[in-house]
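Below is one structure, written out as structure tokens; the observations come after it.
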Amino acid sequence: MRVPTSTPKRFAIGYHPQAEASTLSKIVEIMRKLEEEGLSIVRSAPLCDANLQNEISQKAYDVLIVLGGDGSMLRASHLCAPVDLPLLGINIGSFGFLTEVRDGLLDKAFRRLVEGDFHLEDRMMLRIEHWREGQIVQTWDALNEMSVSRGFDVRPIILQANVDGYLLSKYVADGLLVATASGSTAYALAAGGPILPPELRNILVIPVAPHLSMDRAVVLSEHSYVEVSAHSLHQVVLSVDGQTPVLLEPDDRVKTYAGQNMVSFIRFEDSGYFYRNLALYMERNPSTGN
């Protein structure tokens, strides 16, 4: 973790476009608290709002406060990473591996925030390139993972993974994930991958439901790159951080490597917060409502 170089003065609040009334009332409360701390430059809008996105790209704010769960934090990370805008997550969703503040602790958190009493936790992002016939079709940045997986057909596909130009393995599986340390507690965890501390800059390769294939995750250096290609007559799709899938054609390649952008999360707790959250969520899955 690193210490911020200045005290934030300009804040934006982002939230899911379909936020419930309770979330909207919470935003009013947060804006009031920030104004009580002497701040006047505070704006709130859905994360999909074009004006908010443009202002973020123009570096109009010092901090983006995000209300929601990890899904909202993922959306916000894609906006903030290119301009190095720190994120503060307030957990009102199910999972909170990426969020920092729980409801009920807002007063103390905002007091420390405006005083600059926090640390920044930098997390690596992946750069994903979709190649077709020797040309890049599209590129993305991912905080968690990219996945190449089967589409509508409920049957395994054949995938090949090369690392630094050398064959790693061929898989018969439902899919293959290439993930960051942040992503190790997301889809990769469900697929049986290892859990990595979030500050590590490693790349994970994890098969999803492999059949008579290598079933172990592989941990790579940040300097490696992975190329995944599909050899199947069935539908194959590419998805980045759970976004809308892109249909892959035969002989398409997906290249993944450590990107230049990083996401900076505001942290008030010591570095042990990650393990405390891990124990909490592993013992009790909040998605079940229990």
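In this note's numbering, the protein residues as written are 7 to 296. Beta carbons: idealized from backbone N, C-alpha and C, even for Gly.
With 16 other Cβ atoms within 10 Å as the buried cut-off, status of E121 = Exposed, because fewer than 16 other Cβ atoms sit within 10 Å of the Cβ of E121.
Inter-residue Cα distance where the pair is R8 and P92 = Computed Cα separation, rounded: 12 Å.
Of the residues R138, D247, P204, the one placed nearest G278, counting alpha carbons only = Comparing alpha-carbon positions, the option among R138, D247, P204 lying closest to G278 turns out to be P204.
What residues in its chain sit with their C-beta under 8 Å from that of L182, if we drop five residues either side in the sequence?
-> Residues of the same chain with a CB within less than 8 Å of the CB of L182, apart from the 5 flanking positions on each side, are S153, V154, S155, L165, A167, V211, I212, P213, V214, V234 in chain order.
Nonlocal neighbours in the same chain, by C-beta distance under 6 Å from V242, ignoring five residues either side | Counting only Cβ-Cβ distances below 6 Å, and skipping sequence neighbours, we find I163, A236, L254.
Pair every Cβ in the segment 76 to 88 with every Cβ in the segment 106 to 119, then say whether three or more of these pairs are closer than 8 Å.
-> Because the criterion of three Cβ pairs below 8 Å is not met, the segment 76 to 88 and the segment 106 to 119 do not touch.
Between K39 and I98, is the Cβ-Cβ spacing less than 8 Å?
-> In this structure, I98 does not lie closer than 8 Å to K39 by Cβ.
Member of A194, R273, S245 whose CA lies at the smallest distance from the CA of V260 | Closest in C-alpha terms to V260, from the list A194, R273, S245, comes S245.
What number of angstroms, rounded off, separates the C-alpha of V69 from the C-alpha of I19?
-> Put simply, the backbone Cα of V69 is about 9 Å away from that of I19.
If we count the other Cβ atoms within 10 Å of its Cβ and call it buried at 16 or more, is G140 buried or exposed?
-> Within a 10 Å sphere around the beta-carbon of G140 sit fewer than 16 other beta-carbons, which makes this residue exposed.
Other residues of its chain near V143: CB distance less than 6 Å, five sequence neighbours each side excluded | Cβ within range, chain order: H136.
Give a yes or no on whether the C-beta atoms belonging to R16 and L53 are separated by under 8 Å.
-> Not a contact, by the Cβ cut-off of 8 Å.
Are there 16 or more other CB atoms within 10 angstroms of the CB of V232, so buried, or fewer, so exposed?
-> Buried is the call here.
DSSP puts Y21 in a beta bridge; with which residues?
-> Beta-bridge pairing links Y21 to P52, L73.
Three-state secondary structure (DSSP) at V9?
-> In the structure shown, the three-state DSSP call for V9 is coil.
According to DSSP, residues forming a beta bridge with E127 | As DSSP reads the structure, E127 sits in a beta bridge with F271.
With distances taken from CA atoms, which of L195, D247, T13 is nearest A223?
-> Closest in alpha carbon position to A223, among L195, D247, T13, is L195.
Which partner residues does R222 have in the DSSP bridge list?
-> Within the DSSP bridge table, the entry for R222 names no partner.
Looking at C-alpha atoms only, which residue of T13, I272, P256 is the closest neighbour of R138?
-> Per the Cα distances, P256.
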